[in-house]
Amino acid sequence: FIRYAPQETRAYGQLRYLGEVRRHWDVLDKHLAGRDYIADEYSIADMGAYTWVNLFDRFNYTLDEYPDLKRWWSSIAERPAVKRAYQAVADARSEPADLSMTDFQKHMFGSEAAKTMPPLKGIRG
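Residue numbers for the sequence shown follow this note's numbering, so the first one is -3 and each next one is one higher.
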């Protein structure tokens, strides 16, 4: 909602989903108290959750209110495979996309949603 929804429809979605983000972070923070990982050992649960938690800085959020979540996030970020994966993404993003904006939006959001989308920076179109 913050990046892609049309401006006139953003307020409700932003408030609702920010509340959901914080609720999920609170659940994870409590669950991670005294634990290194979501399950007993590093697993797909950590990999999946990390990718969502890792978005916090894009939206000017902070993990400071969630000390166990922040500790967990920092430890996952330091894993060599995670560093390699995020470097591969950064490298791929540095190459120009070979999609028009309309094609990108259709693939990402569906044809109907693409009609109402504002222009996205960094994609030719």
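Here a beta-carbon is modelled for each residue, glycine too, at the ideal position from N, C-alpha and C.
Computed from a predicted model, the values in this text were never measured in an experiment.
Annotation note: the stretch 30 to 61 contains the following uninterrupted alpha helix (DSSP H) runs of length 4 or greater, listed N- to C-terminal: 40 to 49. Cβ neighbours of V49 within its own chain (closer than 6 Å, five residues either side excluded): W69.
R75: not part of any alpha helix (DSSP H); DSSP gives it neither H nor E.
Cα atoms of Y46 and P63: separation of roughly 15 Å, rounded to the nearest angstrom. By the neighbour-count criterion, in which a residue is buried when 16 or more other Cβ atoms sit within 10 angstroms of its Cβ, D53 is exposed. The three-state reading of DSSP puts S70 in helix, counting H, G and I together.
With contacts defined by Cβ atoms closer than 8 Å, I34 and D25 do not form a contacting pair. Excluding residues up to 5 positions away in sequence, D64 lie with their Cβ nearer than 8 Å to the Cβ of A29 in the same chain. Close CB contacts of Y8 within its chain, under the 8 Å cut and outside five residues either way in sequence, are absent. Relative to the Cα of A77, the nearest Cα in the group A88, Y38, K66, E61 belongs to Y38.
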